[in-house]
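*Asks:* For reference, the structure I am asking about is given below.
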Amino acid sequence: MESKGFYEFGEFRLCPSTERLWKGDEALKIEPQLYSLLLLFVKQPGVVVTRDTIERIVWAGRPVSDEAIRAALKKLRDVLADDARSPRFIKTIPKQGYKWLAPVSENLDTGKQDIINKPVVWTIIAICIACVTSLFLVTSFSVEKTYDSDKTASPVVNRLTQLTGSEVNADYNAAQNKLAFLHRDSRSSPQQLYIKTLNDGVVTRLSWDNANYSDSRWCPKGEKLAFTRLDEQGYSFHIAHFLPDGEVSRVENIDSELLQNKFVVGWLADDKGLLLAEKLTQGQQHSIYAFTFSDNRLQALTSPNVAGRGDYNAALSFNGEMLAVLREEVAKEASLIITSLVSGDMVAKTRLPFVPSRLAWHENTSVAMTNFYGEHVRFNLSTQSLNEAPVLPDNSLDIFSTCGEQCYVLRQHNGNFLDLQEQPMSSLLKSVPKSEQTPLLQQGRLIRRAGAQDFPQYFSQGNGLLFVSLHGKRLLFQRTSTSNIIESIASLDATNPISAIALSPDSTRFVGISNGRIFTSSLNNDSADVEHSVNFITSAMERYENPVWDSDSQHLFVTRISGNVPSIVRLNIDTLESSHVVDGLIAFTLEPDTTDMAYGILSTLSLVELHRQDGQWVRGQTMGQVAAASPNRWKIANNIFYYTKHVMPEAFMCAIPLGKVQAATEEVCWSIGDNRFRLHFDIDFHRQKVMLVESLSAESDVIKLTW
0 MESKGFYEFG EFRLCPSTER LWKGDEALKI EPQLYSLLLL FVKQPGVVVT
50 RDTIERIVWA GRPVSDEAIR AALKKLRDVL ADDARSPRFI KTIPKQGYKW
100 LAPVSENLDT GKQDIINKPV VWTIIAICIA CVTSLFLVTS FSVEKTYDSD
150 KTASPVVNRL TQLTGSEVNA DYNAAQNKLA FLHRDSRSSP QQLYIKTLND
200 GVVTRLSWDN ANYSDSRWCP KGEKLAFTRL DEQGYSFHIA HFLPDGEVSR
250 VENIDSELLQ NKFVVGWLAD DKGLLLAEKL TQGQQHSIYA FTFSDNRLQA
300 LTSPNVAGRG DYNAALSFNG EMLAVLREEV AKEASLIITS LVSGDMVAKT
350 RLPFVPSRLA WHENTSVAMT NFYGEHVRFN LSTQSLNEAP VLPDNSLDIF
400 STCGEQCYVL RQHNGNFLDL QEQPMSSLLK SVPKSEQTPL LQQGRLIRRA
450 GAQDFPQYFS QGNGLLFVSL HGKRLLFQRT STSNIIESIA SLDATNPISA
500 IALSPDSTRF VGISNGRIFT SSLNNDSADV EHSVNFITSA MERYENPVWD
550 SDSQHLFVTR ISGNVPSIVR LNIDTLESSH VVDGLIAFTL EPDTTDMAYG
600 ILSTLSLVEL HRQDGQWVRG QTMGQVAAAS PNRWKIANNI FYYTKHVMPE
650 AFMCAIPLGK VQAATEEVCW SIGDNRFRLH FDIDFHRQKV MLVESLSAES
700 DVIKLTW
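Set out below in C-alpha cells:
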C-alpha cells in the first residue's frame, strides 16, 4: 500500500500524487471525477462547499445539472459506504451545499526514501508526479498547505516615524520614495494626514482641521493621494494633487452617492479610478468595486455567494492586471483569491491559516497578509505556496506596503494600547448642568498595566474583577481583588482571537469563545504555574458563539451554528450534553430571576422579547436595534438593556427600557468618548459602576522590516 503523501479519514487514505483511494490495504476503484470531488471535500473539512464551487472545481467551470451533481455525490457515498440519512462523511446542507464531517489528518511529507541506483527512473517518476500535481493545481485553483522552509531569517527594524502619539495607517510609494501616514497625538485627537520623504527624512503635516482623516492611498506614480475625511457632515472622498517639489497644487472633491459605505483600498490602473471595499454590515455579503472618474461609474468586480461576510479587502498588482481578494466564505475562515483582470480567469485560490485584515502585493509575484495579532503569511504566485517567514517582531502588525523582495512597511506599537477604566453609572448616565456647583465625586478604579487589558467581568458579589491581558504572544486571564492584588489564572496563545468571555454567576470559573470553540478554566488556581492553558471543550468541527450563563453556573445558553444557521442550545459544560432552546437567534438570555421570559438577538441585531408558552419560546415584540451580539457588548441591569455602539469617531453606551410595550424604539445614548475601538464593558453587582475598556494612544510607529 502507498504510504507517502496522503489524507487520512476514518479507515481511508487518499493519495493526491497517484489519485488513488485506499481502504486499509485495499486499493479502491474511484473515477477521476469522484476523486476530484473527494479531494475538494477532504481539503476543507467542516466547510460548506457550494454547488458553484463543485461546478467550478470538479467540472472545471462547465455548466452541469443538479441531477449530475447529485448522481456524483451518490456514487461517492457508495464508494465510502456513507449513508445520506445518517452521514459519517458528507452531509447535505439544504439550500447551501455539502459539508465534510469526518476529521482529516494530512501526511503530505515525502519522508526519507531508500537509496536506489536508478536515477533516471526516479527522475521520470518525479516529473510525472510534478505533472499530476501541476495539472491538479491548474484544474482546482487551490493549493495545499505548502509552506516554504525558510524560517531562519533575522528581521531588521528601521523606524520610519517616531512622532509622539500613534501612527495608525500608512502607504508607501516606491516611485517617489515617500510615505503618507495618519497620526494622532492622543486618543481623543483627530487623525491627521502626514507625509515623509524618505530621501531627505523630512516630515510634513498636510491636514490642519478637526476632521478625522483615513484611507490615504498613493496613486502608482506618487503624484496623487486619495483619502477620506470624516466631520460632522459625514464621510467625504478627496484627491490631493502634488507638484514635483512636494507642495499640494489642488484638492479634488469626489462627490458621488455611489461611494456611500465604501472605503478606498487602492487605485485602478493608469489612475482611472479607485478600488473600493464596503464597510462591514451585519448579515450582508460584501464585494469589491471599481469607481471610474471619467463616467462616475461604480462597478462590482466581485460577487461572492458565500455564508460569511464575503470580500472584505483587496489589492491590485503593480501592473494592474491581477486582483487579490480576501474572502470570508464562512465565519472566521478566509481565503485568498487572485483573478486575472485581463482574461477574467481565476489564477489562484488558497485557504489561509488565519483571517488577515491587510494584504499587499510585492511586484506581480506574491501577496503578503497580516492580522491584528501579528500573524503573517506570504503567498507566492509562481510556486503556489505559503511562506510564514519572517516571524514578525513583537507588537508588529498591519503590513501596509512592500518595499523590496524582502522588505515590508508596517506598524509597531509599544503593546500598551488598552486599559480598564471604572466609572460611576451616575456620571455616565446623567449630565450635570453647567450651573450646578456641586462636584460629582465617586470612586472609579483605573487599571493601567503593561500590555493591553480587555473583556472586563465583575465578580458576582463585587469582590473582584476578571479580565484578559495581552503580554507579547500570550493572552493572560487575570483577576484582581478589591485590594488590587492581581493574579494570573490561565493563558492562551494570542493567535487565537477571543470573541467572548463569560464569568459564571458563582464566580468559580469562566468560559470563552475562540475561533468558534468553547474553552473554560477554573478560577481556583492553586498552582504556581501561571502558564497553564485554558481547556477547550468543543472541537474545531463545531462552531459556537455568544455564551451566556444560566443561573446554575453549570449550563450555558450558547449559539450553535450548523450549516451557517444559528440556534440556541442549553449546554452542560461538564458533560457537554445539550438541549435545543430556540431557532433563529444569535444570542439569548433569560430575564433575571425568571424562567418563562427571555430576550434574544436576531441576525439583523434586532432585540426581541420572548415568552415561554406550552414548553416553547414564542417571539414577542421587538424592543429595539442593538450593535453587537457578543455578551461583552450588552448587559441587563435594573430592567434596562444596556449596550455599546460606534457612530464614528465617537462611542456610545445606550439603553433600551424593558418590560413595557414599545410604541417605538426608546433608545437613549450617552457618549463614552472618541476613538474607542474596543467597546466591551460590564456593570457591577450593585448596579452602581461600569467597567469600560479605554483605548490608549499606543505610541505606535511606522517601521521598515528587512530580512
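Under numbering that gives the first Met the number 0, the first residue of the sequence shown carries the number 0, and numbering increases by one thereafter. Note that the Cβ used here is the ideal one computed from N, Cα and C, for glycine as well.
Between which residues of its own chain and Gly719 is the CB-CB distance below 6 Å, once the five residues before and five after are set aside?
*Replies:* Residue 719 is absent from the structure shown; the chain starts at 0 and stops at 706.
*Asks:* Which of the three DSSP states, helix, strand or coil, is assigned to Lys688?
*Replies:* strand
*Asks:* Which residue's Cα is closest to the Cα of Thr479: Leu491, Arg473 and Leu419?
*Replies:* Leu419
*Asks:* Can you check DSSP and say which residues form a bridge with Lys348?
*Replies:* Ile336
*Asks:* Please state whether the Cβ-Cβ distance between Trp616 and Ala636 is less than 8 Å.
*Replies:* no
*Asks:* Output the residue ranges of the beta strand (DSSP E) runs that lie fully inside the segment 477-517 and measure 3 residues or longer, sorted by chain position.
*Replies:* As summarised for the segment 477-517, the continuous beta strand (DSSP E) elements at least 3 residues long and confined to that stretch are 485-492, 497-502 and 508-513, given in chain order.
*Asks:* Compare the beta carbon distance of Phe236 and Ile253 with 8 Å and say whether it is the shorter of the two.
*Replies:* yes
*Asks:* How many angstroms separate the CA atom of Asp551 from the CA atom of Phe684?
*Replies:* 17 Å
*Asks:* Could you tell me the boundaries of the alpha helix (DSSP H) in which Asp77 lies?
*Replies:* Unbroken alpha helix (DSSP H) run through Asp77: Asp65 to Leu79.
*Asks:* As a quick exercise: from Gln32, Pro31, Pro630 and Leu13, pick the residue whose alpha carbon is nearest that of Asp24.
*Replies:* It is Leu13.
*Asks:* What would DSSP say about Gln283, mapped onto helix, strand or coil?
*Replies:* In the structure shown, Gln283 sits in coil (DSSP, three-state: anything other than H, G, I, E or B).
*Asks:* Give the straight-line distance between the Cα atoms of Ala174 and Ser605, rounded to the nearest whole angstrom.
*Replies:* Ala174 and Ser605: Cα-Cα distance of roughly 49 Å.
*Asks:* So Thr369 and His375 are in contact, right, with Cβ under 8 Å, and what is the actual spacing, rounded?
*Replies:* 5 Å
*Asks:* Is the separation between the beta-carbon of Ala628 and that of Asn545 shorter than 8 Å?
*Replies:* yes
*Asks:* By DSSP's criteria, Asp230 is part of a beta bridge. Which residues make up the other side?
*Replies:* Gly233
*Asks:* Which residue's Cα is closest to the Cα of Glu277: Asp294, Ser293, Asp269 and Thr301?
*Replies:* Answer by Cα proximity: Thr301.
*Asks:* Consult DSSP for Asp418 and reduce its assignment to one of helix, strand or coil.
*Replies:* strand
*Asks:* If I measure Cβ to Cβ from Trp548 and keep anything under 7 Å in the same chain, skipping five residues before and after, which residues do I get?
*Replies:* Ala501, Ser503, Pro504 and Leu555
*Asks:* State the Cα-Cα distance for the pair Glu576 and Val41, rounded to the nearest angstrom.
*Replies:* 28 Å
*Asks:* Which residues bound the beta strand (DSSP E) around Val57?
*Replies:* That residue, Val57, is in no beta strand (DSSP E); its alpha helix (DSSP H) goes Arg50 to Val57.
*Asks:* Can you find the residues in the same chain that come closer than 8 Å, C-beta to C-beta, to Val580, ignoring five residues on each side of it along the sequence?
*Replies:* Phe556, Ser566, Ile567, Val568, Arg569, Phe587 and Trp616
*Asks:* So Ile536 packs on Thr558, CB below 8 Å; how close in whole Å?
*Replies:* That belief does not hold up - the Cβ atoms of Ile536 and Thr558 are roughly 16 Å apart, past 8 Å.
*Asks:* From Tyr6, His182, Val329 and Gly461, pick the residue whose C-alpha is nearest to that of Lys195; which is it?
*Replies:* For Lys195, the closest C-alpha among the options Tyr6, His182, Val329 and Gly461 is that of His182.
*Asks:* Under a three-way DSSP split, which group does Arg632 fall into?
*Replies:* helix
*Asks:* Taking all protein chains shown into account, decide if Ser153 is buried (16 or more other Cβ within 10 angstroms of its Cβ) or exposed.
*Replies:* exposed
*Asks:* Tell me whether Gln615 sits in a helix, a strand or coil according to DSSP, three-state version.
*Replies:* strand
*Asks:* When we look at the beta-carbon of Ile702 and count the other beta-carbons within 10 Å, is it buried (16 or more) or exposed?
*Replies:* buried
*Asks:* If I measure Cβ to Cβ from Glu7 and keep anything under 6 Å in the same chain, skipping five residues before and after, which residues do I get?
*Replies:* Hits under 6 Å: Ser104.
*Asks:* Between the segment 639-653 and the segment 392-402, do at least 3 Cβ pairs fall closer than 8 Å?
*Replies:* no
*Asks:* Going by the CB atoms, is the gap between Gln477 and Thr705 shorter than 8 Å?
*Replies:* no
*Asks:* Leaving out five residues on either side along the sequence, give the residues of the same chain with a beta carbon under 6 Å from the beta carbon of Phe707.
*Replies:* Residue 707 falls outside the range modelled here, since the chain spans only 0 to 706, and no answer is possible.
*Asks:* So the candidates are Arg632, Val167, Gly583 and Leu197; which of them puts its Cα closest to the Cα of Arg618?
*Replies:* Gly583
*Asks:* DSSP state of Ser133, grouped into three classes?
*Replies:* Legend: pLDDT at Ser133 = 33, less than 50; position of this residue unreliable, no value from coordinates given.
*Asks:* Only counting the same chain, and skipping five residues up and downstream in sequence, which positions put a Cβ closer than 6 Å to that of Asp595?
*Replies:* Arg611
*Asks:* Would you tell me roughly how many angstroms separate the C-alpha atoms of Thr17 and Asp81, rounded to the nearest one?
*Replies:* 23 Å
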